[in-house]
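Undergrad: Residue 531 in our numbering sits at position 531 of the sequence shown, with consecutive numbering throughout. Glycine residues also receive a C-beta, built at the ideal position from the N, C-alpha and C atoms. Got a structure for you, questions after.
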Amino acid sequence: MTTLVGAGTPVAPVRIDLWADRDDDDADGRADGQETPVASPSFVDLVPLDRAWTGAPLRVLAGAEHARLVAKSGAVLPWGASGVAALPDGARLQGLSPGVVELLATVHGDPLHVTAVVRGIDLRDGEGRLVDMAASHASIERTPPARIEGTPDALYDDFDALRVLLEVPTATPVEAPGEDKAGDRTIAVESVGAAGNRIDLLSSVPLSPSRCGRLSGPRDAHDPRDAHDPRDLDAPPDPVSCWASAPLRFVIDDVDRMHPLALGRSIKAEVGGAIVFRASGRKAQMIRVLGPRASAVGPIGRLRPTLRPFVVRVAPGGPPAIGGTEAGAIESLRGELAAAAAIWGQCGVTFGDPQKLDVRVVDPPPSHVLAVGDDLGVAASGGEIRVRVDGRPLTILTHAGETPDRVAAEVARVVEHAGLAAVVSPNARIGPALGPSVDVSMRRKDRTTLVAVDTQPGAPLSTDATLSVRIGSVDLSDGLLHFSDMDSMAGTLEERTLLKALDDGDPRTIEVVVVPLFAGGGRIGESFIGSDLSSVRNVVILDRAGVRSRTSSLTLAHELGHVLMDLPGHPDDYGVDTPTLLMDSDAADASPFGPRRIPVEQCARMFRQSGPGARLPLLASWPVGPLGVPATAR
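Okay, structure coming up:
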């Protein structure tokens, strides 16, 4: 068919390619094709009409339900019975559902035939259900790679992997110049970060003929589309042909991406980013990447903890525990935190841009802690405690029957009377103890500057026969003395002296502390959790060996798991040993089958124990915004 426009010049029919706008570019939880008005971030999926047609009448001949006309203000222009009387400047077409739209424009008094071909992209999960690209999301892979068998319609046992389902109208009267039918079925898959930066790309995803719509079971719980959607198998056939990909896996690193069992269908992704589907270089649709789509606590979005990372020097003024230099230490710990965040992306957790994390390199603290009733928590029998605090000699009397907390309160009173400050913090009772010990941290009046406490020359620290009193000190030249099973709930005095020097007093923050090494060998990381009810909680300590073992045992990610899930032991302590799980107690393997997986049940536990609604929330909700637009945690 040929059309004459203007001065009798023959003009070929015009074809416009559209995509059914099912995604959510403005990040408001609704499909862009259902919005009125259309927000400006959603204009990326709209196709502008030729400005030469401005003012021309435009009439729909067929297929009005497949597309709509949008003004440059975002207002939707209804087709009406007679179409649009005068096409406004800057008007755009937006695809709504797969099909063909026949339009007739009258340009300079001559008819111009326009065909809009609307294709569609859907995502289908392992149970054959459709996953809504606006109301739901994609999630990071939580299972090891496995071989995919069967047809493109076969179901599979992988909750996080999704098939791309391409829908193309069976009748396309006008083909794009130089394009054949196969060109309609070439899809690239790109992964982008929250800032819009490219992370990874699959330049061409193979597609095979498939049945359209969902294959079995109920719809995705977050798919608001009508249950009688014509793309369902139990609905009347639509003039649309479908092709499906192999299940695509959204993974955290090249270890997963390059495994032969999943090569070519794995793409690196990050929480807060998106998976973008492209055709001929143009964006077709996308889906955001968040936490699990479903769990015992419902869908999990994006969550962020408040971290306070430290690298401790070997000695005051000496080299840092890792990195060689201060700059090297900061870069090394940021890299470790980025790797841990990628692992916890399986549960929707991210730390934000690792290069913006405020990593501090600090000296070991002075001996600022006086521990009263250390270890066994036995009451006093009467005597004297003689100390020097910031060079000032102080004497504290003890009386028979006084508990460690009463004596600690008297220590604090005497210290403050001398013009200094004291921070009193009780510890959890350890296994064999009669009661808890209590620490008193000596400080200047600003309550942040630490001062040293030591013994008075020629005098014993305490003359009380039953009350244990010790001065805490940190000497990392021989390693940090770590806790055992007996005192894990309180930690050793050396650990408490170090950690209470770094504590900000806010139990909702997580301190991550890197030391040169642990004393005695055999340990590379440990954590203090909230349920121990000690004054030290929500802290992770690892040494340089723990940093070096990142790819094999993921020490930091593992120890953070204890804190985020408030988990004192390991699942395999009393159950089946599963070496692919992050929280397995003894696995070390740098392959995709190593300890890097977090099952959805543990993600749900994390959300209950540390999520925004927890008794002590360690994780804040961090809603996503349009790609490239920063969103604040709230």
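(1) Considering only their Cβ atoms, is the gap separating A604 from S191 smaller than 7 angstroms?
(2) If you run the structure through DSSP and keep just helix, strand and coil, what is T398?
(3) Across which residues does DSSP place H113 in a beta bridge pair?
(4) Under DSSP, the beta strand (DSSP E) around A339 begins and ends at which residues?
(5) Which of helix, strand or coil does DSSP assign to K268?
(6) If you compare alpha carbons, which of L248, Q94, E559 and L58 is closest to A81?
(7) Which class does P354 belong to by DSSP, given the choice of helix, strand or coil?
(8) Where does D506 land, buried or exposed, given buried means 16+ other C-beta within 10 angstroms?
(9) For V536, which three-state DSSP category applies?
(10) Return helix, strand or coil for P571, following the three-state DSSP convention.
(11) Secondary structure at E35, three-state DSSP: helix, strand or coil?
(12) From A134 to D24, what distance separates their C-alpha atoms?
(13) Assuming V189 and L248 form a contact by the criterion Cβ under 8 angstroms, report the distance between their Cβ atoms to the nearest whole angstrom.
(14) Do the region 568 to 578 and the region 538 to 556 touch if we need at least three Cβ pairs shorter than 8 angstroms?
(15) Please classify H108 as buried or exposed, where buried requires at least 16 other C-beta atoms within 10 Å of its C-beta.
(16) Counting beta carbon pairs with one atom in the region 73 to 91 and one in the region 116 to 124, are three or more of them shorter than 8 angstroms?
(17) Can you look up A657 in the DSSP assignment and give me helix, strand or coil?
(18) Between which two residues does the beta strand (DSSP E) holding E511 run?
(19) Along the alpha helix (DSSP H) that carries T551, what are the first and last residues, could you check?
(20) Would you check if the distance between the CB atom of G128 and the CB atom of L103 is smaller than 7 angstroms?
(21) Quick check: the Cα distance between D464 and D405, rounded to an integer number of angstroms?
(22) Pull up the distance between the alpha-carbon of G611 and that of Q346, whole angstroms please.
(23) Could you tell me if V576 is buried or exposed, where buried requires 16 or more neighbouring beta carbons within 10 angstroms of its beta carbon?
(24) Short of 7 angstroms in beta carbon distance, which residues of its chain neighbour R444, apart from the five on each side in sequence? Order them along the chain.
(25) In this structure, what does DSSP give as the bridge partners for L619?
(26) Please give me, in chain order, every unbroken run of the alpha helix (DSSP H) with length at least 4 that falls completely inside the region 413 to 482.
(27) Could you tell me the distance, in whole angstroms, from the CA atom of L96 to the CA atom of P144?
(28) May I have the straight-line CA-CA distance separating R447 from Q456, to the nearest angstrom?
(29) The beta strand (DSSP E) that contains V255, what's its start and end?
(30) Could you check where the alpha helix (DSSP H) with E141 kicks off and where it finishes?
(31) Which partner residues of Q94 appear in the DSSP bridge assignment?
(32) Tell me the rounded alpha-carbon separation between G594 and N538.
(33) Do V474 and P320 have their C-beta atoms within less than 7 angstroms of each other?
(34) Just to check my reading of the structure: V276 and K283 have Cβ atoms closer than 8 angstroms, yes? What is that Cβ distance to the nearest angstrom?
(35) With a threshold of 16 other CB atoms inside 10 Å of the CB of Q94, please say whether the residue is buried or exposed.
TA: The answer reads as follows:
(1) no
(2) Three-state DSSP puts T398 in a strand.
(3) Residue pairing for H113: DSSP places it in a beta bridge opposite L104.
(4) That residue, A339, is in no beta strand (DSSP E); its alpha helix (DSSP H) goes E326 to W344.
(5) strand
(6) L58
(7) helix
(8) exposed
(9) coil
(10) helix
(11) Coil, per DSSP.
(12) 5 angstroms
(13) 7 angstroms
(14) no
(15) exposed
(16) no
(17) The structure shown does not extend to residue 657, since the chain is modelled only from 1 to 634, so the question has no answer here.
(18) Segment T509 to V515, the beta strand (DSSP E) holding E511.
(19) R550 to S553
(20) Cβ atoms of G128 and L103: not closer than 7 angstroms.
(21) Distance from the CA atom of D464 to the CA atom of D405, rounded to whole angstroms, is 15 angstroms.
(22) 15 angstroms
(23) exposed
(24) Only L420, A421 and V451 meet the Cβ criterion.
(25) The partner list for L619 (beta bridge, DSSP) reads P305.
(26) none
(27) 37 angstroms
(28) Spanning the two alpha carbons is a distance of roughly 23 angstroms.
(29) No beta strand (DSSP E) holds V255; the alpha helix (DSSP H) holding it covers D254 to R257.
(30) No alpha helix (DSSP H) contains E141, which DSSP labels as neither H nor E.
(31) R68
(32) 26 angstroms
(33) no
(34) 6 angstroms
(35) buried
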